[in-house]
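Asker: I'd like to ask some things about the structure below.
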Amino acid sequence: MQALDALLNRVSVPRLIDPAPTAEQREVLFAAATRAPDHGHLQPYRFLTVEGAAREQMGELLAEAAQMQEGEVTEAMIDKARNGPLRAPLVVVVIANLQDHVKYPKAEQLLAAGCAAHGILLAAYAQGIGAVWRTGDLAYSKHVAKGLGLTDDEEVIAFLYLGTPQKEPRVAEKVDLAEFVSAWPGKA
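The UniProt record's numbering puts the first residue of the sequence shown at 1, with every later residue one more than the last.
This is the structure:
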């Protein structure tokens, strides 16, 4: 697949079934992640793979976090949290590992981690793997971070769900670029 094809046509694929990506495919996914722009070569990211019975354990962790939320928490909300990781055969937790650095601010490091997640999505698309980036409030829960073993300098930025598309992925819609691109006229 040509790089421009992946960049221009990648879409989220939310309905995923077995099988999960193979070991060889995963190697490509994570190699692509490490090509993210990374000012200072800090590699401010790491990844956890969650599959098999570990998805159920992750679901219980998310359900516990859902119960701790402020406001009204319904059984439906707790069940949705519990069943979330079961929506795909593989969940990749993308973690930003933010480091104090005099020259490279944490904001840049967070962007690099986001680009690493995007690299995984692009590499998945290029290999015919279905993938979708999900977060939600529970991704930012201290309880979830602790349960996943994150340090104080780390934060979850994405749950990437990966697997075989249940049906043919949709075609990427064309976007009117004029809505997003304009020329700066310079100083008057």
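Even glycine gets a Cβ: it sits at the ideal position worked out from N, Cα and C.
Just the Cα atoms here: how many angstroms apart are L110 and L98?
Answerer: For the purposes of this step, residue 110 is taken as the residue at position 110 of the sequence shown. For the purposes of this step, residue 98 is taken as the residue at position 98 of the sequence shown. Computed Cα separation, rounded: 7 Å.
Asker: Identify whether A172 lies in helix, strand or coil by the three-state DSSP scheme.
Answerer: As a first step, residue 172 is located in the sequence shown; it is residue number 172 there, counting from the start. Coil, per DSSP.
Asker: For the candidate residues A116, G149, A139 and W184, whose alpha-carbon lies nearest to that of L42?
Answerer: Position 42 of the sequence shown, counting from 1, holds the residue named residue 42. Per the Cα distances, A116.
Asker: N97 bridges to which residues according to DSSP?
Answerer: For this step, residue 97 is matched to residue 97 along the sequence shown. DSSP, once it has assigned bridges, lists E154 as partnering N97.
Asker: With a floor of 3 residues, list each beta strand (DSSP E) that falls wholly inside the UniProt domain "Nitroreductase" (18-163), ordered by position along the chain.
Answerer: 45-51, 90-97 and 130-134, all fully within the UniProt domain "Nitroreductase" (18-163).
Asker: Closest by CA to H143, which one among A126, G59 and P19?
Answerer: Start at 1 with the first residue of the sequence shown, and residue 143 comes out as number 143. Comparing Cα positions, the closest option is G59.
Asker: Provide the residue span of the alpha helix (DSSP H) that contains L4, from first to last.
Answerer: In the sequence shown, residue 4 corresponds to position 4, counting from 1. That run of the alpha helix (DSSP H) goes A3 to N9.
Asker: Among the candidates V156, A33 and T49, whose CA atom is the shortest distance from the CA of A96?
Answerer: Here residue 96 refers to the residue found at position 96 when the sequence shown is read from its first residue. Looking at the Cα atoms, V156 is the closest of the given residues.
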